[in-house]
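Enquirer: In terms of numbering that gives the first Met the number 0, the sequence shown is residues 0 to 560.
Before anything else, here's the structure in question.
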Amino acid sequence: MKGAPRRRYAIAWVVAGLVVLVGILTLIGFLNGYRAFTISSPSMGTELPVGSVVVTQAQSSYAPGEIITFAIDDRVYTHRVVGAEPGGLRTQGDLNGAPDGWLVESSQIIGAATWSAPGLGWLVLVAPWLLVIAMLVETALRLTRTDPRNRWWIRLGSAAVAFTVVSLWFRIWFNMVLLGWTPNADGTGVLMRVVNTGLFPLDAGGTVLGSGEDSTIETTTQSAGRFVLTPLPALTPWQWVLVGGFCLLPFLVVLLKWRLATRGSEQARSGLRGAPVAIAALATVLVVATLLSQTSQAAFTASITNAASSGTRSFFTCAQAQTAEDPGALFAWRMSPATATSEHDLTGQGNTGTYDNTSYNIVDDAACARDTPQQSVAFTGSTCLATRAQGTAPSSFSYEAWIKAEPNASGPIIGASSTGTVNANSFERTLFLTQDGRIMLYLFPQSRDNGAVTWPITPSGQSYNDSQWHHVVVTVDYDSVATETTWTFYVDGENVRTGTWNQEPYHGYSTWYWNAGCSNTRGGSPVSRPAKYFTGQLQFLAVYDSALSPDQVERHHRAGT
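Below you can see the structure in the form of structure tokens.
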């Protein structure tokens, strides 16, 4: 054996040796707690751009400032530790404007980042596709008994085409992702927050962004009524030379090989007895790399309608938060009427809300920026919305609503009643907005002791009828063993007041209704008697038969901001 066959056998054995070496090193690293992940989204910015490989190792402890990889709900994330709390570590992506909506427990942490390589992850992603194409091409060449003198250029051409198609599909070289947008100050354009997720720099409206870099770009350019930002490649002259040379490489190789072949046909003959060994070895390397280098989600979010960016969201919309939460809502109304007199139940349980009149207004103003349509219902002080309830009223429950009211506006937001109209004989567990802008709850006891009625209310000095949208949640949690009820008010994701009551909420109705926007209120409240009808805007109103946890409330608030 001599010449080309000997060289191919030598290459095959070298590749096989590398496979064994990589396997040994991988096993040693695995036994020492090392794991490899590929970054697939851009929240870690330039620290870990999309397409990076990050290697982690389990540690005995983790400190703020470290980058860790952890698993939440069967998904893997790589973010930076920004704080330590009693329940776990608080994390945040470098491009995110706020911490993630969870605390990472020690059992969820995979390890801390010890090494990373930008761009290497792209090789891990595309290699299996290129290998499959190469094996298909090689199989076709052998089945068709293609002349060995022609196989080399078929392989080369196929490789060039495959590499081009796969790299374009994965958008390796040039890609930009829109994180969020807001209108500019005078309404003539928009501010787009973008990040470069490709390997090469891009010019976005005059701002050059390298891999992983982000910026907020103002654009006033419109196309078909939409504002448009078109990024362009921003390569340096030397980068253009390198890219051009790389693109011309297949042509240059073909040209050189053809020139050599014309000098003697024997030099152009191919003997590929060692090719199967080399292909098998390469397949092993790529399969091992694919299995061990999993995908880590560097999840990101950005501001849409205000200047405060959000952290990682479990839910992207308010509708999703109210219908996908576990446990779910008894009913949820978008507050965008399906007909002139009804509200569709988003949960699919058929608890359609019915308006007693049509004096309300539908306005193009919404709290939840990513939900459609961008509408809410403006109650004008004379409308009641109700649905007949099923079963016994739960002793533990939660109310949730997005509210917007002008100064001095007030009224009932949601509650329970005996008939579902403002003239019902019994109104219980009703949530109010008071004239001074506080949130108040009326609870009547199961014991029917009028002296045990309670009116929990948020602290004075903070008004929520301020012409701004607010996310309001009240939870009522009854402990049957202790015969004690714990109530908690949340506004805009924050606990503003909590307390206890040594009674059980009344649930003695045989027929009863949930109603929004109206209540035949009684006297005895700690402030002036609330109005019978609500005046203001409501969006995404829901009732739950359990007390939402603080984490759930925070997730729901993030879904709308």
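Virtual Cβ for every residue (Gly too), placed ideally from N, Cα, C.
By how many angstroms is the C-alpha of M134 removed from the C-alpha of A9?
Expert: Counting from 1 along the sequence shown, the entry for residue 9 is found at position 10. Counting from 1 along the sequence shown, the entry for residue 134 is found at position 135. Looking at the two C-alpha atoms, the distance is approximately 20 angstroms.
Enquirer: Are the beta-carbon atoms belonging to A400 and L430 less than 9 angstroms from one another?
Expert: As a first step, residue 400 is located in the sequence shown; it is residue number 401 there, counting from the start. As a first step, residue 430 is located in the sequence shown; it is residue number 431 there, counting from the start. Their beta carbons are under 9 angstroms apart, which means A400 touches L430 by this criterion.
Enquirer: If we ignore side chains and look at the alpha-carbon of each, how far apart do R496 and I438 end up?
Expert: The residue you call residue 496 lines up with position 497 of the sequence shown. The residue you call residue 438 lines up with position 439 of the sequence shown. If you take the alpha carbons of R496 and I438, they lie about 10 angstroms apart.
Enquirer: Taking P444 as the reference, give the member of S462, N501, Q319 and I456 with the closest Cα.
Expert: To locate residue 444, count along the sequence shown from 1; it is residue 445. Comparing Cα positions, the closest option is N501.
Enquirer: Out of Y463, R447, Q461 and Q56, which one is the CA nearest neighbour of E503?
Expert: As a working mapping, residue 503 is identified with position 504 in the sequence shown. It is R447.
Enquirer: Measure the CB-CB distance between S518 and V376 and report whether it falls below 9 angstroms.
Expert: Residue mapping note: residue 518 aligns to position 519 of the sequence shown, counting from 1. Residue mapping note: residue 376 aligns to position 377 of the sequence shown, counting from 1. No, the pair does not count as a contact, with Cβ atoms beyond the cut-off.
Enquirer: Report all residues from its chain with a CB closer than 7 angstroms to the CB of Q551; omit the five preceding and five following residues, and keep chain order.
Expert: The residue given as residue 551 occupies position 552 in the sequence shown. Cβ neighbours of Q551 beyond the five flanking positions: E324.
Enquirer: In whole angstroms, what separates the C-alpha of L540 from that of W332?
Expert: Position 541 of the sequence shown, counted from the start, is the residue given in the question as residue 540. Position 333 of the sequence shown, counted from the start, is the residue given in the question as residue 332. Each residue's alpha carbon lies about 5 angstroms from the other.
Enquirer: Along the beta strand (DSSP E) that carries Q91, what are the first and last residues, could you check?
Expert: By 1-based counting over the sequence shown, the position of residue 91 is 92. Unbroken beta strand (DSSP E) run through Q91: G87 to Q91.
Enquirer: Would a C-beta distance cut-off of 9 angstroms place H343 and H470 closer than the cut-off?
Expert: Taking the sequence shown and counting its residues from 1, one reaches residue 343 at position 344. Taking the sequence shown and counting its residues from 1, one reaches residue 470 at position 471. No, these two residues do not count as a Cβ contact at 9 angstroms.
Enquirer: Can you name the start and end residues of the beta strand (DSSP E) that D202 belongs to?
Expert: Translated into the one-based positions of the sequence shown, residue 202 becomes position 203. First-last of the beta strand (DSSP E) with D202: L201 to A203.
Enquirer: In whole angstroms, what separates the C-alpha of N514 from that of D73?
Expert: Numbered from its first residue, the sequence shown carries residue 514 at position 515. Numbered from its first residue, the sequence shown carries residue 73 at position 74. Between N514 and D73, the C-alpha separation is close to 39 angstroms.
Enquirer: Which of the three DSSP states is assigned to F69 in this structure?
Expert: To locate residue 69, count along the sequence shown from 1; it is residue 70. Looking at F69 - three-state DSSP - the assignment turns out to be strand.
Enquirer: What residue from L234, A62 and M191 has the CA that sits closest to D213's CA?
Expert: On the sequence shown, residue 213 is found 214 positions in, with the first residue counted as 1. It is M191 whose Cα lies nearest to the Cα of D213.
Enquirer: When the distance is taken between beta carbons, is Y512 closer than 9 angstroms to S381?
Expert: Locating residue 381 in the sequence shown gives position 382, counting from the first residue. Locating residue 512 in the sequence shown gives position 513, counting from the first residue. No, Cβ-Cβ distance for S381 and Y512 is not below 9 angstroms.
Enquirer: Check for me: the alpha helix (DSSP H) holding G120 runs from which residue to which?
Expert: In the sequence shown, counting from the first residue as 1, residue 120 sits at position 121. Looking at the DSSP string, the run of the alpha helix (DSSP H) that includes G120 is L119 to L142.
Enquirer: Which same chain residues end up closer than 6 angstroms to V452 when comparing Cβ atoms and leaving out the 5 residues on each side of it in sequence?
Expert: Reading the sequence shown from its first residue, position 453 is the one you call residue 452. F443, listed in sequence order.
Enquirer: Decide yes or no for the touch test of the region 117-134 against the region 48-56: beta carbon pairs closer than 8 angstroms, at least 3 of them.
Expert: Yes: at least three Cβ pairs fall under 8 angstroms.
Enquirer: With a 10 Å radius around its C-beta and 16 neighbouring C-beta atoms as the bar for buried, classify R141 as buried or exposed.
Expert: Along the sequence shown, read from residue 1 onward, the residue named residue 141 stands at position 142. Burial call: exposed.
Enquirer: Going by beta carbon distance, what residues of the same chain come within less than 7 angstroms of T379, once the five residues before and after it are set aside?
Expert: On the sequence shown, position 380 is the one that residue 379 refers to. So the list reads S358, Y359, N360 and T534, once near-sequence residues are dropped.
Enquirer: Just verifying my parser: in three-state terms, what is the DSSP assignment at W168?
Expert: Taking the first residue of the sequence shown as 1, we reach residue 168 at position 169. W168 falls in the helix class under three-state DSSP.
Enquirer: Which of helix, strand or coil does DSSP assign to L547?
Expert: Within the sequence shown, numbered from 1, the residue matching residue 547 stands at position 548. The answer is coil: DSSP assigns L547 none of H, G, I, E or B.
Enquirer: Taking the alpha-carbon positions, what's the E65 to V136 distance?
Expert: The count along the sequence shown starts at 1 and reaches residue 65 at position 66. The count along the sequence shown starts at 1 and reaches residue 136 at position 137. Looking at the two C-alpha atoms, the distance is approximately 46 angstroms.
Enquirer: Identify the residues that DSSP records as bridge partners of D344: which are they?
Expert: Looking up residue 344 in the sequence shown gives position 345. BP columns for D344 point to W332.
Enquirer: Taking the beta carbon of V19 as the centre, do at least 16 other beta carbons fall within 10 Å, making it buried, or is it exposed?
Expert: The count along the sequence shown starts at 1 and reaches residue 19 at position 20. Flag for V19 reads exposed.
Enquirer: Which ranges does the beta strand (DSSP E) cover as unbroken runs of at least 3 residues, wholly within the region 355-420, from first to last along the chain?
Expert: Taking only runs of at least 3 residues, the beta strand (DSSP E) segments lying wholly in the region 355-420 are 360-362, 375-379, 384-387, 396-403 and 410-416.
Enquirer: Which class does N494 belong to by DSSP, given the choice of helix, strand or coil?
Expert: For the purposes of this step, residue 494 is taken as residue 495 along the sequence shown, with counting starting at 1. Looking at N494 - three-state DSSP - the assignment turns out to be strand.
Enquirer: Compute the Euclidean distance between the alpha carbons of V176 and D370, then round it to the nearest angstrom.
Expert: For the purposes of this step, residue 176 is taken as residue 177 along the sequence shown, with counting starting at 1. For the purposes of this step, residue 370 is taken as residue 371 along the sequence shown, with counting starting at 1. Each residue's Cα considered, the two are about 20 angstroms apart.
Enquirer: Please report the distance separating the alpha-carbon of T338 from that of C383.
Expert: For the purposes of this step, residue 338 is identified with residue 339 of the sequence shown, where counting begins at 1. For the purposes of this step, residue 383 is identified with residue 384 of the sequence shown, where counting begins at 1. Approximately 15 angstroms between the Cα atoms of the pair.
Enquirer: Between the Cα of E493 and those of T510, E483, D478 and V473, spot the shortest distance and give me the residue it belongs to.
Expert: Taking the first residue of the sequence shown as position 1, residue 493 is located at position 494. Among T510, E483, D478 and V473, the Cα nearest to that of E493 belongs to V473.
Enquirer: Spatial neighbours of A530 within its chain, please: C-beta separation below 6 angstroms, excluding the five flanking residues on both sides.
Expert: Mapped onto the sequence shown, residue 530 falls at position 531. Here the set comprises S409 and G410.
Enquirer: Out of curiosity, what's the CA-to-CA distance linking P63 and G82?
Expert: Taking the sequence shown and counting its residues from 1, one reaches residue 63 at position 64. Taking the sequence shown and counting its residues from 1, one reaches residue 82 at position 83. Cα to Cα, the separation comes out at about 5 angstroms.
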